[in-house]
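Notes for the one structure printed next.
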Amino acid sequence: MTRLSQAFIPTLKDAPADAEAISHKLMVRAGLIRQMGAGLWTYLPAGWRVERKVEAIIREEMEAIGCQEMLMPVLQPAEPWQKTGRYEIDELFKLDDRKGSPLVLAMTHEEAVTYHVAREVRSYRDLPLMLFQIQTKERDEPRPRAGVLRTREFTMKDAYSFDRDEEGLSRSYEAQAGAYGRILDRCGLRWYKVESDVGMMGGSGADEYMAPCPAGENEVALAPGYAANVEVASATAQPVELPAAMDAPEKVATPGLTTVEEVSAALKVAPAALIKALPVVVEGRGLNMVLLRGDHRLNEIKLRNALGADFRQAKPEEIDAEIGPTGFIGPVGAKVPVIKDTAIAGAGLICGANQPDTHLRGVQPGRDFAFEELDVRTVEAGDTAPGGGTIEIEPAIEVGNIFKLGTRYSVPLGATFLDEGGVEHPIVMGSYGIGPARIVAASIEQRADERGIVWPASLAPWQVHLVSLAKGGEREREAADKLYGELEAAGAEVLYDDRDAGPGEKLTDAELLGCSLRIVVGRRGLAEGVVEASERDGGAEHKLPLEDAAAQALSLLDV
RNA sequence: CGGGGAGUGGCGCAGUCUGGUAGCGCACUCGGCUGGGGGCCGAGCGGUCGCAGGUUCAAAUCCUGUCUCCCCGACCA
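Below, the structure is given as structure tokens:
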């Protein structure tokens, strides 16, 4: 099928100097991809074969749940985007045609599918409906990074479900979730389904599929029976030893000490005994003070969700004018509403006194200040998960997500149906995305070793990497040529290294490229009438008798 | 958008401070030797030093502007 002497698979001894992520380095070195610009990548033949294997698996699993494939344009009129309010998104590429009509390059296809469904679907009899495509997406990313992990142009499998009510949506959602699990399993990934932020789209539920790996951009909080994106994770904080309670707060001089570390060191208490006050300006509410335990970090997404409104950090002049001197502010006697994080509890706490160079100790929430309690901190490794397990935090790549959209798109785009009673209702939608390139990268990140890529059998660009150590015209080469023909005839996908190169180069390239089974035909083996097969994953070696090598190789592949 | 770094042959880099013949390793081409882990010898090809302007007798090198790429952060339907 493919002879390496003729193939366009440019391997590199060294990775480009600017590559950081393992998958980025190996994909470039193995000749899978090449860069054209920031976040713009070309798939070379070997890389494209892998990507298409992922797509084939996705396609099969989508069709198995009754999801129908279609294809929508990437270049679209701006109008539906203006209707849904997404025309304002910074990441959306916008352009005009020669007549001056505004167009966009789609970043997803909710507007497009909904546009079509709105025109064709009229009756409850047309529902439920599930559609998908495997199509290019364009996003003007502020910072593309890590090879194929975060790019401005990428392929996405995006599916959309259309139901008459929430119950139907839940069924479609579960069907997709089932397919997602099968897809990721078949791709050989370690993955977690985690609760995720529904974001500004305000849907009724969302889950992300995370593949843990060092290059991951997201963090997932994991415990037995619990998995959530750190963006939304919630857990019980680790306990702290607090100073003794007091009858009333007492001032203590802390000249020039403004950070948690300085104050806790000076007063000889744990950082967790302090209350950190973060002044924020909340949309529609004005200046508020958010309180966190001294050793905790604010989770902006949780705060935004809990408030149901956007917010920003207060400016120093706003703090000085309305609360007190920056670095010494606290809730006791403050003139602004106080939001206390759940993890702050007990008595004997320490906080700023709203006076220069002064803190208060012996502070007790409720007694000394009123508050609204919200869970707004970022969970940490060692916290206790809702199920009672201990939280661990791992970096992960988001390889897919599923989302209950509700009527977010059907209402502005007029996608409605008539029920049995002739009453019009908006269609209830879901959307479901998978990034094949991220699956490829995650697979490499999770499985590669120091010699190169280690593909699972389902993703390997070729099943067999056949290496002839002899050069053209030599006797040993004829045996390799013959085996190549036999493997092909038997239906195997074979990459045949027939180059006139040294053995070191050929063997190293085979390991770099990572196909499941390498078969070496060389003088040494042929002397005993065998070829040498080795499995890339695990390294098991087998000597196959020459005359039966093709058949035995195929049976090794089935394992 | 903030901070940092880099653009010199296909890849990796030196040369820039202190202006004066563009260099090294790998790759590539040709010839030969070698042949189980990127081997050796010899001969070659290939670069207006990101771009534009300026200073100078003279600019990869100094000055100004600009573009691109990478990393950290912010951001990420």
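For reference, each letter of the first sequence is one residue, going 297 to 855 in the working numbering.
All residues carry an ideal CB built from backbone N, CA and C; glycine is no exception.
Anticipated Cβ contact below 8 Å, residue i with residue j, distance rounded
i: serine 457; j: glycine 726; result: 4 Å
i: glycine 696; j: phenylalanine 450; result: Actually they do not touch by this definition, with Cβ atoms about 13 Å apart.
i: arginine 600; j: alanine 639; result: Incorrect: roughly 18 Å between the Cβ atoms, too far for contact.
i: leucine 594; j: isoleucine 646; result: About 19 Å; that fails the 8 Å criterion.
i: glutamine 660; j: alanine 541; result: 7 Å
i: serine 830; j: alanine 753; result: Their Cβ separation, rounded to whole angstroms, is 14 Å, which puts serine 830 and alanine 753 out of contact at 8 Å.
i: leucine 765; j: valine 816; result: 6 Å
i: threonine 380; j: glutamate 407; result: 6 Å
i: glutamate 387; j: aspartate 436; result: 5 Å
i: alanine 414; j: leucine 709; result: 5 Å
i: alanine 786; j: alanine 744; result: Rounded, the Cβ-Cβ distance is 29 Å, inconsistent with contact.
Extent of the continuous alpha helix (DSSP H) to which residue i belongs
i: asparagine 601; result: 596-603
i: alanine 775; result: 771-785
i: arginine 820; result: 819-823
i: methionine 358; result: 341-360
i: histidine 320; result: 318-325
i: aspartate 616; result: 612-618
i: valine 724; result: Per DSSP, valine 724 belongs to no alpha helix (DSSP H); it is in the beta strand (DSSP E), 724-730.
i: arginine 589; result: Run containing arginine 589: none in the alpha helix (DSSP H); it sits in the beta strand (DSSP E), 582-589.
i: tyrosine 488; result: Unbroken run through tyrosine 488 is the beta strand (DSSP E), 488-491; no alpha helix (DSSP H).
i: tyrosine 476; result: 462-482
i: glutamate 557; result: 556-563
i: glutamate 716; result: From DSSP, glutamate 716 is part of no alpha helix (DSSP H); its letter is neither H nor E.
i: leucine 387; result: According to the sequence shown, residue 387 is glutamate rather than leucine. Here glutamate 387 belongs to no alpha helix (DSSP H), and DSSP marks it neither H nor E.
i: alanine 408; result: 406-416
Residue range of the beta strand (DSSP E) that includes residue i
i: serine 851; result: Where serine 851 is concerned, there is no enclosing beta strand (DSSP E), although the alpha helix (DSSP H) it sits in stretches over 845-854.
i: tyrosine 456; result: 449-459
i: glutamine 609; result: 607-609
i: aspartate 793; result: 790-793
i: histidine 655; result: 654-659
i: isoleucine 635; result: 634-637
i: serine 754; result: Looking at the DSSP string, serine 754 is not in any beta strand (DSSP E), and its letter there is neither H nor E.
i: arginine 330; result: 329-333
i: glutamine 372; result: 371-373
i: isoleucine 646; result: 645-648
i: lysine 802; result: Run containing lysine 802: none in the beta strand (DSSP E); it sits in the alpha helix (DSSP H), 799-809.
i: valine 516; result: 514-519
i: alanine 502; result: 501-508
i: glutamate 694; result: 688-702
Pair within 8 Å by beta-carbon distance, residue i and residue j
i: alanine 507; j: alanine 517; result: no
i: glutamate 688; j: asparagine 514; result: no
i: isoleucine 597; j: aspartate 503; result: no
i: leucine 423; j: arginine 467; result: no
i: glycine 327; j: alanine 313; result: no
i: alanine 737; j: leucine 445; result: yes
i: isoleucine 619; j: asparagine 650; result: yes
i: threonine 410; j: alanine 711; result: yes
i: valine 350; j: isoleucine 698; result: no
i: alanine 402; j: lysine 433; result: yes
i: valine 526; j: valine 675; result: yes
i: alanine 317; j: valine 324; result: no
i: glycine 521; j: glycine 683; result: yes
i: glycine 642; j: leucine 538; result: yes
i: glutamine 378; j: histidine 405; result: no
i: lysine 700; j: leucine 850; result: no
i: isoleucine 353; j: isoleucine 479; result: yes
Burial state of residue i (16 or more Cβ within 10 Å)
i: valine 719; result: exposed
i: proline 438; result: exposed
i: phenylalanine 304; result: exposed
i: glycine 474; result: exposed
i: leucine 779; result: buried
i: glycine 818; result: buried
i: glycine 443; result: buried
i: lysine 631; result: exposed
i: arginine 814; result: buried
i: serine 739; result: buried
i: glutamate 741; result: buried
i: alanine 776; result: buried
i: lysine 543; result: Rather than lysine, the amino acid found at residue 543 in this sequence is aspartate. Aspartate 543 comes out exposed.
Counting beta carbon pairs with one atom in the stretch 613-631 and one in the stretch 585-605, are three or more of them shorter than 8 Å? The way I'd put it, the stretch 585-605 does touch the stretch 613-631; three or more beta-carbon pairs between them come closer than 8 Å.
Should the stretch 603-612 be called in touch with the stretch 553-562, which here means at least 3 C-beta pairs below 8 Å? Cβ pair count under 8 Å is below three, so no.
Check whether the stretch 792-812 and the stretch 740-749 touch, using three or more Cβ-Cβ pairs below 8 Å as the test. Because the criterion of three Cβ pairs below 8 Å is met, the stretch 792-812 and the stretch 740-749 touch.
Say whether the stretch 818-828 touches the stretch 842-850, bearing in mind that this needs 3 or more beta-carbon pairs closer than 8 Å, one atom from each stretch. As far as the Cβ criterion goes, the stretch 818-828 touches the stretch 842-850, which means the pair count is three or higher.
Touching by the beta-carbon criterion (3+ pairs, under 8 Å), the stretch 347-363 and the stretch 767-786: No: fewer than three Cβ pairs fall under 8 Å.
Is the stretch 756-765 touching the stretch 783-799, taking contact as three or more C-beta pairs under 8 Å? Flag = yes, the stretch 756-765 and the stretch 783-799 touch.
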